[in-house]
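Visitor: Numbered per full-length UniProt numbering, the sequence shown spans residues 1 to 460.
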Amino acid sequence: MPESRMLWGAALSASQCEGAYAEDDKGLSISDTVPSGRRDLTKRYPKPDSQHYYPTHKAVDFYHRYPEDIELMAQCGLECLRFSFAWSRFFPQGDELQPNPLAVQHYDDLIDRLLAKKIVPIVTMSHLEIPFALTEKYGGWENKEFIRCFLRYSQFLLDHYGDRVKYWITFNEMNMLLYFPCTLGVGVDLTEKPEQAKLQALHNMLTAGAWTVEYAHALNQEIQIGAMIAYSPIYPVDCRPENVAYAYALERNALSVADVLVRGKYPGTFERFVRERGLTLDRMPEELKLLAKNTVDFLATSYYCSNAASVDSTAEKSSGNLFGGARNPYLEVSEWGWQIDPLGLRYALNYLYDRYQIPLMIVENGLGARDQIVNGKIEDDYRIAYLNAHLQMVKEAEADGVELLAYTMWSFLDQVSASSGQMSKRYGLVYCDVDDEGRGTFERIPKKSFYWMQDQLKNR
Numbered sequence: 001m002p003e004s005r006m007l008w009g010a011a012l013s014a015s016q017c018e019g020a021y022a023e024d025d026k027g028l029s030i031s032d033t034v035p036s037g038r039r040d041l042t043k044r045y046p047k048p049d050s051q052h053y054y055p056t057h058k059a060v061d062f063y064h065r066y067p068e069d070i071e072l073m074a075q076c077g078l079e080c081l082r083f084s085f086a087w088s089r090f091f092p093q094g095d096e097l098q099p100n101p102l103a104v105q106h107y108d109d110l111i112d113r114l115l116a117k118k119i120v121p122i123v124t125m126s127h128l129e130i131p132f133a134l135t136e137k138y139g140g141w142e143n144k145e146f147i148r149c150f151l152r153y154s155q156f157l158l159d160h161y162g163d164r165v166k167y168w169i170t171f172n173e174m175n176m177l178l179y180f181p182c183t184l185g186v187g188v189d190l191t192e193k194p195e196q197a198k199l200q201a202l203h204n205m206l207t208a209g210a211w212t213v214e215y216a217h218a219l220n221q222e223i224q225i226g227a228m229i230a231y232s233p234i235y236p237v238d239c240r241p242e243n244v245a246y247a248y249a250l251e252r253n254a255l256s257v258a259d260v261l262v263r264g265k266y267p268g269t270f271e272r273f274v275r276e277r278g279l280t281l282d283r284m285p286e287e288l289k290l291l292a293k294n295t296v297d298f299l300a301t302s303y304y305c306s307n308a309a310s311v312d313s314t315a316e317k318s319s320g321n322l323f324g325g326a327r328n329p330y331l332e333v334s335e336w337g338w339q340i341d342p343l344g345l346r347y348a349l350n351y352l353y354d355r356y357q358i359p360l361m362i363v364e365n366g367l368g369a370r371d372q373i374v375n376g377k378i379e380d381d382y383r384i385a386y387l388n389a390h391l392q393m394v395k396e397a398e399a400d401g402v403e404l405l406a407y408t409m410w411s412f413l414d415q416v417s418a419s420s421g422q423m424s425k426r427y428g429l430v431y432c433d434v435d436d437e438g439r440g441t442f443e444r445i446p447k448k449s450f451y452w453m454q455d456q457l458k459n460r
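1) Do the stretch 373-383 and the stretch 266-275 meet, that is, are 3 or more Cβ pairs less than 8 Å apart?
2) Applying the 10 Å Cβ sphere with the 16-neighbour rule, what's the burial state of H64?
3) Using DSSP with H/G/I as helix, E/B as strand and the rest coil, what is S313?
4) Does the distance between the C-beta of D238 and the nearest non-hydrogen atom of the ligand NAP fall short of 7 Å?
5) Could you give the first and the last residue of the continuous alpha helix (DSSP H) run that contains Y235?
6) If you draw a straight line from the alpha carbon of P67 to that of M409, how long is it in whole angstroms?
7) Over what stretch of residues does the alpha helix (DSSP H) that includes M393 continue unbroken?
8) Suppose contacts are defined by Cβ-Cβ distances below 8 Å. Is M125 in contact with F85 by that definition?
9) Going by other Cβ atoms of all chains shown within 10 Å of its Cβ, with 16 needed for buried, is S88 buried or exposed?
10) Give the straight-line distance between the Cα atoms of V213 and G19, rounded to the nearest whole angstrom.
11) Specify the secondary structure class of S256 as computed by DSSP and reduced to three states.
12) Measuring straight from C-alpha to C-alpha, what distance separates A348 and Y427?
13) Looking at the secondary structure, which residues open and close the alpha helix (DSSP H) in which R272 lies?
14) So, does the stretch 416-426 touch the stretch 340-359, judging by three or more C-beta pairs under 8 Å?
15) According to DSSP, which residues form a beta bridge with F91?
16) What is the DSSP secondary structure of K118, reduced to helix, strand or coil?
17) Here's the rule: buried if 16 or more other CB atoms are within 10 angstroms of the residue's CB, otherwise exposed. What is S50?
18) Where does V244 sit, in a helix, a strand or coil, going by DSSP?
19) Would E129 be called buried (16 or more neighbouring beta carbons within 10 Å of its own) or exposed?
20) What is the residue span of the alpha helix (DSSP H) that V416 lies within?
21) To the nearest angstrom, how far is the alpha carbon of L331 from that of C305?
22) Using the three-state DSSP reduction, which class does S29 fall into: helix, strand or coil?
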């Protein structure tokens, strides 16, 4: 194997781990309005009420416990941490002229502590989290006012933290807007034209991201700025030509966002979809020029599972995969129905690199499971097996010639599941003692996988 220059680490998300949802002048976030349990992430939720439990309000209390958590990261040997800022901490209403100084101070200290432990910060500007007040005032990202508000936020982040943070990701899993629009303030239940609202929101996000890339490059040539997609390779269930063509069409649709991010232009299939649906998108010529000129430095992706495609409507379905699809009989599934496919990660990395020819980051990859404490320990051998198999494929992809900047497993701590709102769906190397209703001591207990990862990092 060639010597790896890839950073190894783990990931967290502010809305899923911080808690302290109303402390230190933080504003309400859209993530704070989504109650526990299986959530409908296509609609927009009202303000919290007393009838429901809202898991992000407490989460795992990373906001207060980050000093001890960073000590654990250092003990594990993490080389990097991918995490996100909370927009609603910096700009509680979303459109203030100046940021909240308490938020600035908080993240100053967090970054400085990471750097003191030689942990490289990889910061996501917006991860399933926008100020709720903005949605009340403007709706969601389908309104171009969001571009202006985001630019004030992103430019402040780059101005203030750009000398300490080299790697930036503008938006988390941008293509998932089309499947879970609630996470970006787009309520398809509030419009008569949901497809148009989602695609307009996507264009506005892409435009805001391109403005941010332009600003970052003008500010500091050392800054590397990328964006993120969710990616699951899509296999045809067999060699029937219709299934092969269908899988390819789904693949192209899934990567249409990445095409704009990297190539600077909407693909023909996207334009055909807009035309045949009779959609009218507000895409100004200067915005299209901006997209063409300001492409990303790297592409980040999550990878949890692969998918399969069949034109047969009676084919057995897979319930858990990000994009739905057919059941692959050759793969095991997690309790939540996600098809486990380590080889698919090597396939995905090679496919993306061949297609785009820019550096990649794997910023989410992990296994959700109901971890149990037995005699004070968590023996999560199933997670070790999952991570080991996937990391072997990452190494193979590097040997194949794929340029990888970082691998950050999901996640360092247990945190609130974005899709289900559960704490019992645990991904962390470190157990957090809190249940689905927010009860517990919040104590941190390193799992067996923590010590396994520690050994892997020590012997790289």
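The C-beta atom is built at its ideal place from N, Cα and C for all residues, glycine as well.
Guide: Quick look at the numbers:
1) no
2) Reading the sequence shown from its first residue, position 64 is the one you call residue 64. By the neighbour-count rule (16 or more Cβ atoms within 10 Å), H64 is not buried but exposed.
3) Indexing the sequence shown from 1 puts residue 313 at position 313. It is coil, neither helix nor strand.
4) Only the bare structure without any ligand can be found here, which leaves the ligand NAP out of the picture.
5) Within the sequence shown, the letter at position 235 stands for residue 235. Here Y235 belongs to no alpha helix (DSSP H); instead the beta strand (DSSP E) covers 234-236.
6) Here the question's residue 67 lines up with position 67 in the sequence shown. Here the question's residue 409 lines up with position 409 in the sequence shown. Roughly 20 Å between the two C-alpha positions.
7) Counting from one through the sequence shown, the residue named residue 393 turns up at place 393. Its alpha helix (DSSP H) spans residues 381-399.
8) Your numbering for residue 125 matches position 125 in the sequence shown. Your numbering for residue 85 matches position 85 in the sequence shown. Yes, Cβ-Cβ distance for M125 and F85 is below 8 Å.
9) Counting from 1 along the sequence shown, the entry for residue 88 is found at position 88. It is buried - the Cβ of S88 has at least 16 other Cβ atoms within 10 Å.
10) As a position in the sequence shown, residue 213 is number 213, starting the count at 1. As a position in the sequence shown, residue 19 is number 19, starting the count at 1. Roughly 30 Å between the two C-alpha positions.
11) In the sequence shown, counting from the first residue as 1, residue 256 sits at position 256. Correct three-state label for S256: helix.
12) Residue 348 sits at position 348 when you count from the first residue of the sequence shown. Residue 427 sits at position 427 when you count from the first residue of the sequence shown. Going from the Cα of A348 to the Cα of Y427 covers about 22 Å.
13) In the sequence shown, the residue the question calls residue 272 occupies position 272. 268-277 is the span of the alpha helix (DSSP H), which, as asked, contains R272.
14) no
15) Counted from its first residue, the sequence shown places residue 91 at position 91. Answer is none; F91 lacks a bridge partner.
16) Taking the first residue of the sequence shown as position 1, residue 118 is located at position 118. If DSSP states are grouped into helix, strand and coil, K118 belongs with coil.
17) The residue you call residue 50 lines up with position 50 of the sequence shown. Exposed is the call here.
18) Your numbering for residue 244 matches position 244 in the sequence shown. Three-state result, V244: helix.
19) Indexing the sequence shown from 1 puts residue 129 at position 129. Per the 10 Å Cβ criterion, buried.
20) Here residue 416 refers to the residue found at position 416 of the sequence shown. No alpha helix (DSSP H) contains V416, which DSSP labels as neither H nor E.
21) Position 331 of the sequence shown, counted from the first residue, corresponds to residue 331. Position 305 of the sequence shown, counted from the first residue, corresponds to residue 305. If I take the Cα positions, the gap works out to 10 Å.
22) Translated into positions along the sequence shown, residue 29 becomes position 29. S29: strand per DSSP, three-state reduction.
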